[in-house]
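Its first residue numbered 0, the sequence shown is counted upward by one per residue in numbering that gives the first Met the number 0.
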Amino acid sequence: MQADARDYDAIVIGSGMTGGYAAKELTELGLRTLVLEAGRPIVPAEDYSEHRPVWEMPFRGRGDRQYVIKRQAMQRSSVSFDEGSHQFWTDDIDNPYTTPEGKPFQWFRARQVGGKSIIWGRQVYRWSDLDFEANAHEGIAVDWPIRYRDIGPWYDRVESFIGVSGKRERLAHLPDGPFQPPMPMNCVETHVADRIRSSFRGERLMTMGRVAVLTAPLNGRSACHYCGPCQRGCITRSYFSAVNATLPAAEATGRMTLRPFSIVRHLTVDPSSGKVSGVHVIDARTRVSHEFRARVVFLCASAIESARILLNSRTAQHPEGVANSSGQVGRNIMDHIKNAGANGRFDGWTDRRVVGDRPNGIYVPRFRNVSSRHADFVRGYAFQGSASRPGWQSRIQEPGIGVALKQKLTELGPWTMNLNGYGEMLPREENRCTVHPTMVDAWGIPVLHIECSWGANELAIQKDMAVTAAEMLEAAGAKQVQPHTNATTPGGANHEMGTARMGRDRRTSVLNGWNQAWDAPNLFVTDGACMTSSANQNPSLTYMALTARACHYAVEQLKRGNL
Ligand SMILES: Cc1cc2nc3c(=O)[nH]c(=O)nc-3n(C[C@H](O)[C@H](O)[C@H](O)COP(=O)(O)OP(=O)(O)OC[C@H]3O[C@@H](n4cnc5c(N)ncnc54)[C@H](O)[C@@H]3O)c2cc1C
Ligand code: SF4
């Protein structure tokens, strides 16, 4: 074991969406900050490939099937996984986990500087008190220790920095922010939006997706030029990622030390003060162990990895892991339920086509259980989707030969539109991860056993998504409307959260209202682990706002000598 003699004020574990944000805030507030990242560094000029056409790729964009089936069998099931992005996804062999027979869990991970912020879908929506008060109103799990007024200014701060384009809609349950101009809807989307507004008397509406992609330059980053495959990186830094924005901001302060290939194995705790006294790291390349120390530690390794670190930090004094006197670490895993909605065909507009590859779609905000109660379920869901005209891909199996076939393949098909639901998942203690008794990863660190399944409420939500999506498309005049509800695996929405929840009572929660561990006051957990419920909105904006808020609180407490 090598002890690092350097003196840091703060350690941030993980350099992805939340770790990058913590690094930016802590360094800008004057703290010498060590960022420990398990994966490799990213060099945009070498690693990004969004402008490389698939015909220049060795496997024409599909990837080396033999390699990915062997090493990335789970990760490759994501729609964002392709030959240009596969290097941004975790190696499943080096980083295994287990699930019970018949209860799969899709755990999508990204182990490199920037984490999943390089491959995310960039959709960003605020929560409201409809979400923060729901647990308390319905007597489910525990109450959030915060309300919208506590996080509102932090949403403003984060949105202004990351750059969010979107339309202000003045919805109380989906608050607006300081948006850049929205991306435009195409002709059919505009038509459907008008029809939904008039047919559902304002109860349902369709807006442009709120997305962390610039439509105007910001802080040296360029507006998006609609090239399309964002999951492969973005050399113009038009979409927000830690590599594109927060880590450069932290670097610019001169106070960040970024240490890639640094796998945090566990934390050590000072038995007298209860504070985290050290962060134990295994160097991914040399396998040498190191110990780092700082006055405050931010755990941002992503929800389930953070739970793993806490659960692996077992001592005689903390047999269940650090910060776990409540027994809640690893419990209440949530995701969003998806794979239900509808699609339909629109006749007309055949002189119009989509130009460019807009990295965004439309959004129908939640309308269930907003102003009236639904009989079959609590909470709600939103829709994402888009309208387009299929090209040659839809005729790939048509018979033919020569000029006639080629001519046919250049013609576009009719307009179609799809709506895909994302529904809230309720927290349940039995949805949990635990340390596997025998299995370890490639570095000898115990791995997780993850047990998670949908409850009746989620399945009722999923059923309703197909019905209301079809209703809206029919109201807009679509033909051949096809509702669909397909089986979906927990984790599949990429929004895993909730393994170290915030709460008002240390006996039933892991973190207080400032993301501070009840048991270890200099430990802050600000990734999705902290979530007390899941709402239905894509969650990363809320993680970043909570991270920024916790950083300012921690620095204030440090200045007062409280940590
Ligand atoms: C395909 C896809 C689409 C998505 N789309 C959206 C979307 O549209 N909107 C949205 O809100 N969210 C979306 N998400 C989810 C979003 O990416 C995550 O919510 C977000 O990245 C979580 O941030 P994080 O900081 O917790 O984790 P990450 O961004 O994953 O960062 C965690 C970092 O910690 C590092 N790490 C892990 N373990 C250790 C360890 N032991 N020691 C040191 N470092 C460690 C990892 O290598 C990684 O760099 C999407 C995700 C995927 C995969
Ligand atoms: S954000 Fe825009 S410019 Fe950047 S990769 Fe995506 S589509 Fe291309």
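The C-beta atom is built at its ideal place from N, Cα and C for all residues, glycine as well. From a predicted model like this one, the values you see are computed outputs, not experimental measurements.
- Here TYR66 carries a helix assignment [DSSP, helix/strand/coil].
- Non-local beta-carbon contacts of ARG351 in its own chain, meaning distances under 6 Å to residues more than five positions away in sequence, involve CYS186 in chain order.
- Shortest Cα-Cα distance from SER76 to any of ARG59, CYS223, GLN105 involves GLN105.
- Residues of the same chain with a CB within less than 7 Å of the CB of LEU170, apart from the 5 flanking positions on each side, are PRO364 in chain order.
- Taking ARG506 as the centre and dropping the five residues before and after it, the same chain places the C-beta of SER325 closer than 7 Å to its C-beta, in chain order.
- DSSP links ILE449 through a beta bridge to CYS432.
- Taking a 10 Å sphere around the C-beta of THR26, we find 16 or more other C-beta atoms and assign the residue as buried.
- Per the Cβ contact rule, the segment 396-403 is not in contact with the segment 415-424 (fewer than 3 Cβ pairs under 8 Å).
- Those residues that bring their Cβ nearer than 6 Å to a heavy atom of ligand 2 are GLU49, VAL212, CYS223, HIS224, TYR225, CYS226, GLY227, CYS229, CYS233, THR235, SER237, TYR238, PRO358.
- Annotation: ASN514 is outside any beta strand (DSSP E) and is labelled neither H nor E by DSSP.
- A direct Cα-Cα distance of roughly 19 Å separates ASP356 from GLN179.
- Looking at the DSSP output, MET207 bridges to ILE361.
- In summary, TYR66 is exposed, with fewer than 16 beta-carbon neighbours lying within 10 Å of its beta-carbon over all protein chains present.
- In the three-state reduction of the DSSP assignment, LEU562 falls in the coil class, being assigned neither a helical nor a strand state.
- The beta carbon of VAL434 is closer than 7 Å to those of LEU310, ASN311, PRO445, LEU447 in its chain, skipping five residues each way along the sequence.
- The shortest C-alpha to C-alpha distance from VAL321 to any of ASN342, ILE281, GLY340, SER276 is the one to SER276.
- In this structure, GLN392 is the residue among THR415, GLN392, THR484 with its C-alpha nearest to the C-alpha of LEU404.
- Looking at the DSSP output, TYR380 bridges to GLY422.
- Two segments are said to touch when three or more pairs of C-beta atoms, one from each, lie closer than 8 Å; by this definition the segment 225-235 touches the segment 29-49.
- Annotated three-state conformation of PHE160 is helix, per DSSP.
- Taken from the Cβ of SER532, every heavy atom of ligand 1 lies 7 Å or farther away.
- Following the DSSP letters along the chain, one finds PRO482 inside the beta strand (DSSP E) bounded by residues 478-484.
- For ASP149, the Cβ stays outside the 7 Å cut-off from all heavy atoms of ligand 1.
- The DSSP assignment places complete alpha helix (DSSP H) segments of no fewer than 4 residues inside the segment 261-324 at 302-311, in order along the chain.
- Of the other Cβ atoms in all chains shown, 16 or more fall within 10 Å of the Cβ of VAL278; this residue is therefore buried.
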